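Encoded as structure tokens, the structure appears first; notes follow it.
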Ligand SMILES: [Zn+2]
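In the numbering used here, the protein residues as written are 5 to 576.
Below, the structure is given as structure tokens:
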């Protein structure tokens with residue numbers, strides 16, 4: 005879009021003394037020359053927070069086609085309104101760039117909505133009741149799947165065992181994930197089908213939980229889950245499509261216009277099918293398994309390959325497990341389990357295995373996104389990235405934008421290394437207010453101080469990308485913003501914030517959830533801020549987030565979601 009030079013010079017003359025050149029540049033851009041046609045859509049009367057540093061606040065946005073045409077005051081945008089222009093009144097509420105969740109498991113999330121729900125279960129009886137009720141609807145032999153249970157909510161934080169559910173599932177094998185996906189519960193029939201008994205050794209990177217007699221209790225951690233996982237039949241394309249449709253509906257409702265999905269080939273095919281059918285309503289960045297890096301590399305696919313709707317070129321690996329399952333890998337032992345420091349994921353074993361995949365993947369131009377939660381796992385991945393840079397050289401001109409997924413517990417010395425290597429911290433703020441209920445029991449106060457350390461990350465110059473890990477955490481991004489600015493744990497024990505020095509501002513949190521996530525997928529030039537020329541992915545809320553008390557942010561609702569200028573969700 006052209007800038008009116010005459011107006012621009014005038015503004016400079018009048019206002020330069022005030023020393024706000026950036027403001028003037030913003031105004032210059034907002035005041036479009038008269039030579040433009042009417043907009044397709046104008047959003048007016050809003051508190052527009054653009055996430056564009058050149059022009060951070062506005063009242064109105066004009067959209068032409070699928071892109072933002074201009075941003076400015078209501079008066080400035082009036083010239084964009086023609087007889088055919090759709091005018092949306094934001095009623096003084098927040099207008100933001102659409103949210104971009106940097107880490108979701110879309111199929112798992114969508115499937116879970118039609119599977120057994122145990123996330124809020126607090127007693128053994130209720131656990132069994134829900135599983136039994138679900139199993140009664142199935143045919144003999146069909147799997148009971150789902151779960152999302154959290155034993156921290158159960159009396160004495162007791163791990164569930166197969167005895168809890170065997171009586172209600174005599175004819176159906178059962179596999180119920182813990183909500184973090186790093187542990188699951190099998191019933192006796194599932195263990196039998198998987199051939200797991202007292203003689204089965206723990207696989208590398210996994211634990212078969214056993215009772216005093218040495219018999220498996222049904223709980224399997226990390227790699228041990230695979231023993232049962234391999235006998236569960238894969239969902240067919242129809243099932244995947246229906247799960248993804250459900251997930252897209254959730255995304256629309258919560259103002260998510262882009263998601264970065266931990267995908268497999270099957271999901272990538274479904275996304276393409278939905279795109280061709282005109283049914284894709286969120287932009288997808290597919291992050292595929294690092295074990296299969298040769299597939300994209302062999303097809304010449306590098307980071308950010310694709311179009312505005314579907315991109316790919318990132319590969320994901322795992323360095324460790326999770327804090328909740330005591331499998332996140334630390335330098336020092338767990339406070340409440342002094343016999344363990346956590347586990348390397350099987351991909352890290354034997355030593356050098358991850359590097360043997362990561363180095364050629366990087367050489368092919370693929371983006372590395374490695375799950376690392378404990379301080380030792382994070383340190384290992386940072387030093388592996390350093391080693392890859394040494395071996396592969398400075399790399400393509402695009403820059404690498406390596407990622408660490410979760411990056412939860414960082415040794416204070418490692419923030420500088422994080423920044424120096426330009427590694428993006430792909431984090432899920434809701435985890436802090438959820439895990440914060442019990443994290444200090446596991447790792448003590450000292451290690452907690454640099455946990456979920458958004459303030460330290462930003463202060464060191466590390467780029468943040470926000471998301472949820474849905475279905476590990478709820479998909480609603482407003483819960484994430486609330487978590488980032490309050491750090492108020494879900495049990496109400498820290499109303500002023502757990503480790504409050506790690507809070508960040510609302511503007512910083514929104515940036516991490518929009519432009520930061522776009523940066524993490526190489527699309528910050530196309531989206532992530534309301535800047536003329538960028539894609540018109542926009543969300544209108546039912547409140548002005550900047551003028552309500554922070555504790556109310558979690559109650560906010562999306563009124564309208566636009567993707568590429570099209571309304572894909574409207575609450576009214
Ligand atoms: Zn995940």
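No residue lacks a Cβ here, since even glycine has one placed at the ideal position from N, Cα and C.
Please read all numbers here as calculations on a predicted model, not as lab measurements.
Secondary structure at residue 220: strand, using DSSP grouped into helix, strand and coil.
Per DSSP, reduced to three states, the secondary structure at residue 396 is helical. Taking C-beta atoms as the reference points, residue 514 and residue 94 fail to come closer than 9 Å. If the five residues before and after residue 535 are omitted, its C-beta is found closer than 6 Å to the C-beta atoms of 56, all from its own chain and listed in chain order. Distance check between residue 302 and each of 367, 533, 531 and 216 places 367 closest, using alpha-carbon atoms only. Residue 548 sits in coil when the DSSP states are folded into three classes, being neither helix nor strand.
Beta-carbon to beta-carbon, residue 566 and residue 516 are separated by about 21 Å, too far to satisfy the 8 Å threshold. Short note on residue 76: C-beta not closer than 8 Å to any heavy atom of ligand 1. It is roughly 20 Å from the alpha-carbon of residue 339 to the alpha-carbon of residue 226. The residue among 549, 572, 458 and 486 with its C-alpha nearest the C-alpha of residue 520 is 458.
Excluding its 5 nearest sequence neighbours in each direction, residue 173 has C-beta neighbours in its own chain below 8 Å: 135, 136, 139, 148, 191 and 193, listed in chain order. Counting along the chain, the unbroken beta strand (DSSP E) around residue 181 starts and ends at 178-182. The Cβ-Cβ distance between residue 487 and residue 552 does not fall below 9 Å. Taking all protein chains in view, the Cβ of residue 63 is crowded by 16 or more other Cβ atoms within 10 Å, so the residue is classified as buried. Distances between the C-beta of residue 544 and the heavy atoms of ligand 1 are all 8 Å or more. Ordered by chain, the residues meeting the criterion of a beta-carbon within less than 7 Å of a non-hydrogen atom of ligand 1 are 107, 109, 185, 266, 375, 409, 473 and 476. In this structure, residue 279 keeps its C-beta atom at 9 Å or more from the C-beta atom of residue 104. Here residue 189 really is in contact with residue 164; their C-beta atoms are around 5 Å apart, less than 8 Å.
When the Cα atoms are used, residue 330 and residue 345 turn out to be separated by approximately 8 Å. When secondary structure is reduced to three states using DSSP, residue 313 falls in the coil class, being assigned neither helix nor strand.
By the criterion of at least three beta-carbon pairs nearer than 8 Å, the segment 556-575 is not in contact with the segment 422-442.
Within its own chain, the residues whose Cβ lies closer than 7 Å to the Cβ of residue 385, once the five positions on either side in sequence are excluded, are 323, 374, 376 and 408, listed in chain order. Following the DSSP letters along the chain, one finds residue 410 in no alpha helix (DSSP H) but inside the beta strand (DSSP E) bounded by residues 407-410.
Runs of the alpha helix (DSSP H) lying entirely within the segment 94-155 and spanning at least 4 residues, in chain order: 110-116 and 128-139. DSSP, reduced to helix, strand and coil, places residue 505 within a helical segment of the structure shown. Just so you know, the alpha carbons of residue 527 and residue 473 end up roughly 20 Å apart. With 16 or more other Cβ atoms from the protein chains shown falling within 10 Å of its own Cβ, residue 254 counts as buried. One thing to note: residue 247 has its Cβ no nearer than 9 Å to the Cβ of residue 131. Under the DSSP assignment, residue 74 falls in the beta strand (DSSP E) whose first and last residues are 71-76. For residue 50, no beta strand (DSSP E) run applies, since DSSP gives it neither H nor E. Inter-residue distance for residue 214 and residue 542 is about 51 Å (C-alpha atoms, whole angstroms).
Taking a C-beta distance under 9 Å as the contact criterion, residue 335 and residue 415 qualify as a contact pair. Among the bridge pairs identified by DSSP, residue 61 is matched with 53. In terms of Cα proximity to residue 447, the closest of 524, 478, 412 and 481 is 412. By the beta-carbon neighbour count (other beta carbons within 10 angstroms, threshold 16), residue 341 is exposed.
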